[in-house]
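**Student:** Mapping of the sequence shown onto my numbering: residues 830 to 1205, in sequence order. Here a beta-carbon is modelled for each residue, glycine too, at the ideal position from N, C-alpha and C. Below is a structure I'd like to ask you about.
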Amino acid sequence: MCAFCHTHHFSGRTCPTLRFSPRSVKPEGSCGYINLPGVRCARAVRYAVIMHKFSPVERVLATWVIGVFVSVTLAFGALFALNRLVYTPTGQVQEYFRALQDGNGSHALGILGARVPEGDGSLLDGEVLKKSVSGLSNITYEVVESSDDGEHATVRASYTLDGAQEHTDFRLRHVGDHWGLFPRWEIEPGELPELKVSIKGVQAATVNTRKVAVDDGEATFPVLYPGNYSISYDSTVYTAQPYSQKVLSADANSQVTLDLKASDQARESVQHQVEDYVNSCTEQKTLYPSGCPFEYTFPGRVDGEVTWSVTEYPHPHVTVTANGEWNADQAQGKVKVSFTQLDLYTGERQPFEKEVPFTIKPTVNVNNGTAVHVSF
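This is the structure we're talking about:
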């Protein structure tokens, strides 16, 4: 008797759990019963009994058929998922957004199918492209419109861009099938939007951390969308307030004008040159310093040297026009003249001091866009 039958005391009887008589099965074994040592699962015993009825070849064939069935089921499941995630209108738009986030401009352009207008293509690839979508998050895709014949669809990509909720619509068309199984969709071709940058007086600007040429103060850049483009300019001479421009759709042509200002370094340079100029004038030991904005007319006799000292330096305000020209406002300062006066009638000598106000109007020029020169 096998261990299972002995343990459960149903020798010669039909097992109420397995619903078979152990003597009805004739496997090999000394006692004529099924010998399944250590088995306590009734289902396992039933499976073993059923499989025992088949020959080894039949068992291999059955296992192979089951494997094929499972493989086919998994394959159909994978094809269904592939068709749903890739070969749909939303799948094309998702792939386009992935290309943007990877900085792969050529792949993004291939999916978008848009014509690239004339201009500087510096913003269409690499880190500058990745930077334009670095603030992109919470992206969702949905078909918001379909044609009655199923040949056209509109996919809306909703997202957060640098803290603001935005969306972009893409129009797609059905263009055939892959291997007769999967529908092929493509974004209807159009033209890329343009970002125009105007910044007078310089030959370059910075867009999303990339330095780009701005010949004659203007440049046009075709750009991919959606994206946020930050334009700025900083140098030792000029500075400009950074400006961010969002481009959300194909028809979102934009123009950004940066107004240049004198940099802090340039303002300091102008002030230093003004002070140096005034100081050089005070070094002249005369009542009428040559080439200087101040003098003093004294009707009496001066005995000895004349000395000048600065009591207040002028501080001209420096501005840059829209055309990149520099202007410095008229500014006032004060100096003190000191000397010994001689009375011609009495021969008496007395110290004399007088504060003398003066005005300057400096001229400011930029040499090669790198240094400020002040003339008086």
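Verify whether the separation of the beta carbon atoms of S1083 and P1071 is less than 8 Å.
**Tutor:** As a first step, residue 1083 is located in the sequence shown; it is residue number 254 there, counting from the start. As a first step, residue 1071 is located in the sequence shown; it is residue number 242 there, counting from the start. It is not a contact, given that the beta carbons lie outside the stated cut-off.
**Student:** If you draw a straight line from the C-alpha of P1018 to the C-alpha of R1000, how long is it?
**Tutor:** As a position in the sequence shown, residue 1018 is number 189, starting the count at 1. As a position in the sequence shown, residue 1000 is number 171, starting the count at 1. Looking at the two C-alpha atoms, the distance is approximately 9 Å.
**Student:** Thinking just about the alpha-carbon of each residue, which of F1050, G979 and R1002 is nearest to the one in E947?
**Tutor:** Position 118 of the sequence shown, counted from the first residue, corresponds to residue 947. With distances taken between Cα atoms, E947 lies closest to F1050.
**Student:** Across which residues does DSSP place V1161 in a beta bridge pair?
**Tutor:** Along the sequence shown, read from residue 1 onward, the residue named residue 1161 stands at position 332. Checking the sequence, you will find Gln at residue 1161 rather than Val. Partner(s): T1188.
**Student:** To the nearest angstrom, report how far apart L908 and K1075 are at their CA atoms.
**Tutor:** Mapped onto the sequence shown, residue 908 falls at position 79. Mapped onto the sequence shown, residue 1075 falls at position 246. Per-residue confidence for L908 stands at a pLDDT of 44, beneath the threshold of 50, marking its modelled position as unreliable; no derived number is given.
**Student:** Could you tell me if N1037 is buried or exposed, where buried requires 16 or more neighbouring beta carbons within 10 angstroms of its beta carbon?
**Tutor:** Stepping through the sequence shown from its first residue, residue 1037 is reached at position 208. Under this definition N1037 is a buried residue.
**Student:** So what does S1027 bridge to, in DSSP terms?
**Tutor:** Sequence index remark: in the sequence shown, residue 1027 carries index 198 (1-based). Note: S1027 sits in a beta bridge opposite E1047 and T1086.
**Student:** Using the rule of at least 16 other Cβ atoms within 10 Å of the residue's Cβ for burial, across every protein chain shown, is K855 buried or exposed?
**Tutor:** For the purposes of this step, residue 855 is taken as residue 26 along the sequence shown, with counting starting at 1. A caution first: K855 carries a pLDDT of 43, below 50, which makes its placement in the model unreliable, though a value can still be read off. It is exposed - the Cβ of K855 has fewer than 16 other Cβ atoms within 10 Å.
**Student:** Identify whether Q1113 lies in helix, strand or coil by the three-state DSSP scheme.
**Tutor:** What you label residue 1113 is simply residue 284 of the sequence shown in a count that begins at 1. If DSSP states are grouped into helix, strand and coil, Q1113 belongs with coil.
**Student:** Going by beta carbon distance, what residues of the same chain come within less than 6 Å of H981, once the five residues before and after it are set aside?
**Tutor:** Taking the sequence shown and counting its residues from 1, one reaches residue 981 at position 152. So the qualifying residues of the chain are R1002.
**Student:** Candidates G932, H1202, S1167 and A1160: which alpha carbon is nearest E1141's?
**Tutor:** Taking the sequence shown and counting its residues from 1, the one referred to as residue 1141 is at position 312. When each option's Cα is compared against that of E1141, the closest is A1160.
**Student:** So, for C1110: in the same chain, excluding its five sequence neighbours on each side, which residues have a beta-carbon less than 6 Å away from its beta-carbon?
**Tutor:** Taking the first residue of the sequence shown as 1, we reach residue 1110 at position 281. Excluding sequence neighbours, C1110 sits near P1118 and C1121.
**Student:** Report the option in D1172, G1198 and Q1100 whose CA atom is closest to the CA atom of K1190.
**Tutor:** As a working note, residue 1190 is residue 361 in the sequence shown. That would be Q1100, whose Cα lies nearest to the Cα of K1190.
**Student:** Would I1016 and Y1062 be called neighbours here (beta carbons separated by less than 8 Å)?
**Tutor:** Locating residue 1016 in the sequence shown gives position 187, counting from the first residue. Locating residue 1062 in the sequence shown gives position 233, counting from the first residue. It is not a contact, given that the beta carbons lie outside the stated cut-off.
**Student:** Grab me the residues of V922's own chain with a C-beta within less than 6 Å of its C-beta, minus the 5 sequence neighbours each way, in chain order.
**Tutor:** The sequence position of residue 922 within the sequence shown is 93, counting from 1. Around V922: Y970, V984, A986 and F999.
**Student:** Do the segment 1124-1136 and the segment 1091-1099 make contact, defined as three or more Cβ pairs closer than 8 Å?
**Tutor:** Result no; under three Cβ-Cβ pairs closer than 8 Å.
**Student:** I need the boundaries of the alpha helix (DSSP H) containing G964, first residue and last residue.
**Tutor:** Translated into the one-based positions of the sequence shown, residue 964 becomes position 135. Note, G964: premise wrong, no alpha helix (DSSP H); not H, not E.
**Student:** Nearest-angstrom Cα distance between L958 and F1187?
**Tutor:** Position 129 of the sequence shown, counted from the first residue, corresponds to residue 958. Position 358 of the sequence shown, counted from the first residue, corresponds to residue 1187. For L958 and F1187, the distance between alpha carbons rounds to 55 Å.
**Student:** Count Cβ pairs between the segment 1179-1186 and the segment 1161-1168 that sit closer than 8 Å; are there 3 or more?
**Tutor:** Contact holds: three or more Cβ-Cβ distances are below 8 Å.
**Student:** Ends of the alpha helix (DSSP H) at V922?
**Tutor:** The residue labelled residue 922 in the question sits at position 93 within the sequence shown. Taken as a continuous stretch (DSSP letters only), the alpha helix (DSSP H) holding V922 covers P918 to D931.
**Student:** Tell me whether Y1174 is buried or exposed, calling it buried when 16 or more other Cβ atoms sit within 10 Å of its Cβ.
**Tutor:** Numbered from 1 along the sequence shown, position 345 holds the residue referred to as residue 1174. Exposed, because fewer than 16 other Cβ atoms sit within 10 Å of the Cβ of Y1174.
**Student:** Let me know the secondary structure DSSP gives S818 once reduced to three states.
**Tutor:** Nothing can be reported for residue 818: it is not among the residues displayed for the chain, which extend from 830 to 1205.
**Student:** Note down the Cα distance separating V1193 from V1103, rounded to an integer number of angstroms.
**Tutor:** The residue you call residue 1193 lines up with position 364 of the sequence shown. The residue you call residue 1103 lines up with position 274 of the sequence shown. Approximately 11 Å between the Cα atoms of the pair.
**Student:** To the nearest angstrom, report how far apart P918 and D991 are at their CA atoms.
**Tutor:** For the purposes of this step, residue 918 is taken as the residue at position 89 of the sequence shown. For the purposes of this step, residue 991 is taken as the residue at position 162 of the sequence shown. The straight-line gap from Cα to Cα measures roughly 26 Å.
**Student:** Which class does G1198 belong to by DSSP, given the choice of helix, strand or coil?
**Tutor:** Here the question's residue 1198 lines up with position 369 in the sequence shown. The answer is coil: DSSP assigns G1198 none of H, G, I, E or B.
**Student:** Within the same chain, show all residues whose beta-carbon is closer than 7 Å to that of G964, passing over the 5 residues directly before and after it, in chain order.
**Tutor:** By 1-based counting over the sequence shown, the position of residue 964 is 135. Hits under 7 Å: L990, D991 and N1057.
**Student:** Cβ atoms of G934 and L1077: under 8 Å apart, would you say?
**Tutor:** Taking the sequence shown and counting its residues from 1, the one referred to as residue 1077 is at position 248. Taking the sequence shown and counting its residues from 1, the one referred to as residue 934 is at position 105. Contact: no.
**Student:** Taking buried to mean at least 16 other C-beta atoms within 10 Å of its own C-beta, is V1143 buried or exposed?
**Tutor:** Mapped onto the sequence shown, residue 1143 falls at position 314. Looking at the sequence itself, residue 1143 is Pro, so the reference to Val does not match. Buried, by the Cβ-count rule.
**Student:** Hey, how far is the Cα of P1012 from the Cα of N1197?
**Tutor:** As a position in the sequence shown, residue 1012 is number 183, starting the count at 1. As a position in the sequence shown, residue 1197 is number 368, starting the count at 1. In a straight line, the C-alpha of P1012 is about 60 Å away from that of N1197.
**Student:** Tell me, to the nearest whole angstrom, how far the beta carbon of G1030 is from that of G955; I am working on the premise that it is less than 8 Å.
**Tutor:** Counted from its first residue, the sequence shown places residue 1030 at position 201. Counted from its first residue, the sequence shown places residue 955 at position 126. At roughly 28 Å, the Cβ-Cβ gap does not stay under 8 Å, so G1030 and G955 are not in contact.
**Student:** Tell me which same chain residues have a C-beta within less than 8 Å of the C-beta of V1004, skipping the five on either side of it?
**Tutor:** By one-based count along the sequence shown, residue 1004 stands at place 175. Cβ within range, chain order: R1013, W1014 and E1015.
**Student:** Using 8 Å for Cβ pairs, my map puts V1026 next to A1033. What's the rounded Cβ distance?
**Tutor:** Numbered from 1 along the sequence shown, position 197 holds the residue referred to as residue 1026. Numbered from 1 along the sequence shown, position 204 holds the residue referred to as residue 1033. Actually they do not touch by this definition, with Cβ atoms about 10 Å apart.
**Student:** Straight-line CA distance for V1123 to Y1067?
**Tutor:** Taking the first residue of the sequence shown as 1, we reach residue 1123 at position 294. Taking the first residue of the sequence shown as 1, we reach residue 1067 at position 238. Correcting the residue identity first, residue 1123 is Phe in this sequence and not Val. The straight-line gap from Cα to Cα measures roughly 32 Å.
**Student:** Verify whether the separation of the beta carbon atoms of P1022 and D1080 is less than 8 Å.
**Tutor:** In the sequence shown, the residue the question calls residue 1022 occupies position 193. In the sequence shown, the residue the question calls residue 1080 occupies position 251. In this structure, D1080 lies closer than 8 Å to P1022 by Cβ.
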